[in-house]
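Those protein sequence lines, which keep their order, are chains U and A. Oh and the first sequence: position 334 is 334 in this note's numbering, straight run, nothing missing. Oh and the second sequence: position 284 is 284 in this note's numbering, straight run, nothing missing. Positions of the beta carbon are idealized from the N, C-alpha and C atoms, including for glycine. All remarks here apply to the structure that follows.
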Amino acid sequence: MSASWRRKLESLFIPFGALVASLVLFGVFCGLSGANPLAVYGAIWRAGFGQWSTFQNTLIRAAPLMLSGLCTALPARLGLVIIGNEGALVIGGLAAVATGLTLGTSVPPLMVQVGMAIAGMIAGGIWIGAAGWLRHYRAVNETISSLLLNYIAIALLNHLVGGPMKDPSSLNKPSTFPLADVNMLSSIPGTRVHWGLLYGVIACVIAYFLIQRTTFGFSARVAGGNIRAARVAGLPVGKLTVIVCFLAGSCAGLAGMVEVAAVQGVANESLNVGYGYGGIMVAFAAHHNPLAAILISLLVGGILASGGTLQRSFALPDATVLVFEGLVFLVVLFSDSLYGKLPFFKEKPTITSSPSPPPSPGQEPVVTG
Amino acid sequence: MATEALGWWGVPLAIAAGTMRGGTPFLFVSLGECLTEKSGKINLGLEGTLLMGAMSAYGVSYLTGSPWFGVLAAGLSGAVLGAIHGWLSQQPRVNDVAVGIAMIIFGSGLAFFLGKPFIQPSATQLPTINLASSGMAPAVQAALQISPLFLLGLAIAPLMQWFFRSTRWGLFIRAVGDSPEAARAMGVSIFKVRMLSIMAGSFLAGIGGAALSLYYPGVWTERISSGQGLMAVALVIFARWNPMACLWASLLFGGAQSLGPALQSVGIREGYYLFNAAPYILTLFIMVVTCSPRRSLVGAPGALGTDSQGRA
């Protein structure tokens with residue numbers, strides 16, 4: 001009995017300990033740059049979580065992080081490290097804008113929105129699905145190929161936005177033509193938070209059940225645990241890889257759709273503002289558990305949302321939140337190595353264990369001298 | 001662009017000049033990544049290292065008036081970030097790719113935070129060696145200005161090749177990267193070798209950052225790096241973990257980057273960004289062609305990307 005509560009306590013203590021440790025480190029950093037750490041903590045709390053009005057900013061930023069996080073979390077169950085979130089997000093956003101502009105106002109807005117979401121999901125899915133396909137059938141390292149696909153996606157975005165899809169009136173920041181207002185995703189009634197948040201939460205819940213509660217998820221986890229065993233058991237590893245990667249990419253593509261259809265209204269370089277890399281870290285910090293990813297996304301969203309306040313109240317550069325975000329992730333990653341190492345949480349050796357058998361003849365320790 | 005006066009002849013000239021200018025940061029970062037990966041660890045965080053190097057080089061050069069102090073500061077700041085990466089990525093159950101991404105966020109955040117005061121002032125730039133005679137056209141003169149950092153990189157590449165092939169320490173690094181078990185049997189500390197390789201590699205990447213802020217484009221802004229740090233990972237694969245090949249690959253990538261602006265200067269504006277993506281597409285294409293499910297890439301360190309823990 002005592003062993004299991006110790007382990008539960010450990011799995012609570014280590015993440016919270018990591019959070020506290022990163023807060024302390026960040027406090028030292030703020031102190032060194034001349035700001036009162038306690039006041040900074042207070043400001044981050046108020047700006048990110050304290051009031052309903054500001055918490056909504058957190059929610060708005062958390063939505064794309066959840067979706068982008070799934071892009072890394074799902075393939076991780078197969079043992080793949082995908083970092084192509086940014087690319088899939090950009091491609092999804094582009095496809096969504098292209099669809100939204102093509103359909104225009106000729107069909108009801110709901111259909112346009114559904115069309116945009118589907119287009120974004122398919123485009124993002126193909127993007128990461130390709131990385132999965134290359135991994136299984138050509139043995140191309142999926143981390144590197146998805147990284148390269150990021151750059152190809154961003155170049156494609158810049159090319160289309162600067163040329164074929166450019167709105168001539170967008171001079172300073174080349175953008176596509178804006179989506180019609182009626183086609184934009186509206187806010188959840190009574191809030192400023194757009195429906196993309198719901199997409200994110202639903203996607204995480206579905207992903208959780210898919211991985212933990214279905215045969216499909218079980219096969220994926222088996223293939224991730226031991227690919228040879230999965231083959232012997234007759235699991236279609238290649239098909240699993242491509243499907244899981246497609247689903248992962250479609251989540252990031254949906255994040256891109258949400259960004260253009262609820263926040264930006266156009267596709268431009270603002271699409272790659274860091275939700276991609278943020279999503280990767282969310283997935284790792286959540287141990288690739290989709291439900292935990294919801295919580296981590298809220299946390300990171302709150303940190304990101306507090307950037308403006310830190311700039312205004314403490315004259316700290318807006319990069320301060322990046323430093324904080326980086327510190328949190330570094331400490332959280334380190335904390336994973338502490339499981340089973342802290343003396344307090346170590347299971348006590350049971351006293352009833354039989355004493356070690358006497359060394360058999362010929363196996364006595366050799367004494368050299 | 002200075003090439004306008006030369007018309008179409010300016011295109012190859014601009015590409016040649018751009019190859020040297022744009023290739024220099026690639027050269028340092030890829031040599032750094034090559035050294036790191038030879039020891040069996042990946043460092044994706046070189047993007048943050050590059051930014052941090054660019055910022056510290058610019059800041060120190062501005063404050064002290066000596067660009068060479070700036071270069072040294074860039075290397076040292078890189079080595080510090082490398083030490084964090086090297087230590088953290090060797091802890092049990094810690095994924096080096098994840099640490100790399102966290103280091104990108106942390107390193108770039110730190111560079112932007114500390115570099116805020118240096119965006120406006122102009123720092124002393126590194127001197128260039130002028131190969132052109134005074135009678136030549138100004139565009140040719142501009143193209144023939146060679147940075148000492150480029151020459152330094154040119155020297156380091158064959159030196160590193162020799163280091164891996166013919167020195168005891170080079171053998172240790174290759175052993176740790178290829179077969180940690182054998183290295184441990186040789187009595188080599190895997191942790192120390194990887195730590196030193198990552199720190200030295202990050203030192204080089206930091207100097208790559210100095211090439212950005214003190215040579216070309218020679219300013220410090222938050223957008224100074226266009227992903228060169230992350231690209232280094234692909235470049236090293238492209239170069240098959242061979243330092244001399246890293247040199248050629250860096251020149252190729254630098255040249256591909258200057259192709260777009262060079263064509264733009266003679267009025268070809270179409271496909272500017274697609275030219276920029278050429279190196280990435282080429283690398284992916286080469287990986288697709290050369291990889292096969294039946295064998296691993298030629299030249300890849302055996303333990304690369306595996307979770308082999310060495311705490312001997």
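The beta-bridge partner set that DSSP reports for S30(A) is empty.
A74(A) and T214(U) have their alpha carbons spaced roughly 52 Å apart.
Below the 8 Å Cβ cutoff, chain U contributes no neighbours of L76(A), its closest Cβ being approximately 18 Å away.
For a Cβ distance threshold of 7 Å, residue set S337 of chain U lies close to P92(A), ordered along the chain. Secondary structure note for K116(A): it is in no alpha helix (DSSP H), with a DSSP letter that is neither H nor E.
Listed in chain order, the positions of the stretch 282–294 of chain A with a beta carbon within less than 7 Å of a beta carbon of chain U are T283, L284, M287, V288, C291, S292 and P293. Distance check between G79(U) and each of L291(U), G274(U), Y339(U) and F284(U) places F284(U) closest, using alpha-carbon atoms only. By the criterion of a C-beta distance shorter than 6 Å, I104(A) is surrounded in its chain by G45, E47 and G48, once the five residues flanking it on both sides are discounted. Per the Cβ contact rule, the stretch 148–163 of chain U is not in contact with the stretch 231–246 of chain U (fewer than 3 Cβ pairs under 8 Å). Taking 7 Å as the upper bound on Cβ-Cβ separation, chain U lies near residues I104, I105, F106, S108, G109, L110, F112, F113 and K116 of the stretch 103–126 of chain A. When C-beta atoms of the stretch 105–113 of chain U are compared with those of the stretch 52–68 of chain U, fewer than three pairs fall below 8 Å, so the two segments do not count as touching. Scanning the stretch 218–252 of chain A for uninterrupted alpha helix (DSSP H) segments of 4 residues or longer gives 228–238, listed from N- to C-terminal end. Taking 8 Å as the CB threshold, Y151(U) lines the interface with chain A.
Contact check for G93(U) and V260(U): beta-carbon distance about 5 Å, within the 8 Å limit, so the pair qualifies.
N95(A) reaches chain U at V81, F284 and L333, counting residues in chain order whose Cβ is nearer than 8 Å.
Within chain U, the residues placing a beta-carbon under 7 Å from that of Y280(A) are L148, Y151 and I152, ordered along the chain.
In the structure shown, T191(U) adopts coil according to DSSP, grouped into three states. In this structure, the straight-line span from the alpha carbon of A130(U) to that of V176(A) is close to 33 Å.
In the structure shown, the three-state DSSP call for N130(A) is strand. At least 8 Å separates the CB of N272(U) from every CB of chain A.
Membership of H85(A) in the alpha helix (DSSP H) is indicated by the continuous run P67 to L88. When C-beta distances to chain A are compared with 9 Å, the residues of the stretch 124–148 of chain U below that value are L134, H136, Y137, R138, A139, V140, N141, T143, I144, S145, L147 and L148, in chain order. Rounded to the nearest angstrom, the gap between the Cα atoms of R135(U) and R77(U) is 15 Å. Residue burial is scored here from C-beta neighbours: P217(A) has fewer than 16 other C-beta atoms within 10 angstroms and is therefore classed as exposed. Residues of chain U whose Cβ lies closer than 8 Å to the Cβ of E33(A) do not exist, since the nearest Cβ in that chain is about 12 Å away.
In this model, Y277(U) and L271(U) are separated by some 12 Å (Cα to Cα). Positions of the alpha helix (DSSP H) runs, each at least 4 residues long and wholly inside the stretch 302–333 of chain U, are given as 307–314 in order along the chain.
Looking at the DSSP output, K166(U) shares a beta bridge with T176(U). Contacts with chain U at 8 Å (Cβ-Cβ) do not include A57(A).
Chain-ordered, the chain A residues with CB closer than 7 Å to the CB of P317(U) read F112, F113 and K116. Taking a contact to require three or more Cβ pairs closer than 8 Å, the stretch 224–243 of chain A and the stretch 25–35 of chain A qualify as touching. In this structure, the straight-line span from the alpha carbon of L148(U) to that of V81(U) is close to 14 Å.
In the structure shown, the three-state DSSP call for Q145(A) is strand.
Interface annotation for the stretch 228–250 of chain A against chain U: L230, M231, V233, A234 and I237, criterion Cβ-Cβ distance under 9 Å. A39(U) and L316(U) have their C-alpha atoms spaced approximately 13 Å apart. Burial is judged here by how many other beta carbons sit within 10 angstroms of a residue's own beta carbon; F150(A) has at least 16 and is buried.
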